[in-house]
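Below is one structure, written out as structure tokens; the observations come after it.
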Amino acid sequence: GVRVGQTVVGNGAPVVVQSMTNTDTADIVATARQVAELARSGSEFVRLTVNNAESAAAVPRIVDRLAMMGVQVPLIGDFHYNGHQLLADEPAAAEALAKYRINPGNVGFG
16 GVRVGQTVVG NGAPVVVQSM TNTDTADIVA TARQVAELAR SGSEFVRLTV NNAESAAAVP
76 RIVDRLAMMG VQVPLIGDFH YNGHQLLADE PAAAEALAKY RINPGNVGFG
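Here the sequence shown is numbered in this note's numbering, starting from 16 and rising by one per residue.
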């Protein structure tokens, strides 16, 4: 199995619920609010789009805001084309995310 935060996925582990936000990740308040709603509704992981420098820079601030709200849920960064560059440019985002998802249709481009 694969560990995401404190949860194991795969290899016979119980099924877990993952949701994805539909907010602009750069909007820290709206994204943190939606992540909290999803977590409180039973989502065990929440995926965020990380598609530009602004959204990457927002990730650690979202995690901080969630902590102030008393919400702890692993965040998964959903990357397109430029994830390698965003993670290199924003190491705090790399640290704040529990896992990275590289869109398989975009591998090798950008």
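Where a beta carbon is used, it is the ideal one built from N, C-alpha and C, also for glycine. From a predicted model like this one, the values you see are computed outputs, not experimental measurements.
**Request:** Using the Cα positions of Gln100 and Ala113, report the straight-line distance between them to the nearest angstrom.
**Result:** 18 Å
**Item:** Cα-Cα separation between Ala108 and Thr46, rounded to whole angstroms
**Value:** Counting only the Cα atoms, Thr46 lies some 15 Å from Ala108.
**Asked** Within the 8 Å Cβ cut-off, does Leu112 reach chain C?
**Response** Although the question refers to chain C, the structure presented lacks it and comprises just one protein chain.
**Request:** In the DSSP assignment, find the alpha helix (DSSP H) that holds Met83 and state where it starts and stops.
**Result:** 68–83
**Item:** Residue closest to Met84, alpha-carbon to alpha-carbon, out of Val44, Asn97, Val32
**Value:** Per the Cα distances, Val44.
**Message:** Can you tell me whether Pro119 is buried or exposed? The criterion is at least 16 other CB atoms within 10 Å of its CB, across all chains shown.
**Reply:** Its Cβ having fewer than 16 others within 10 Å, Pro119 is exposed.
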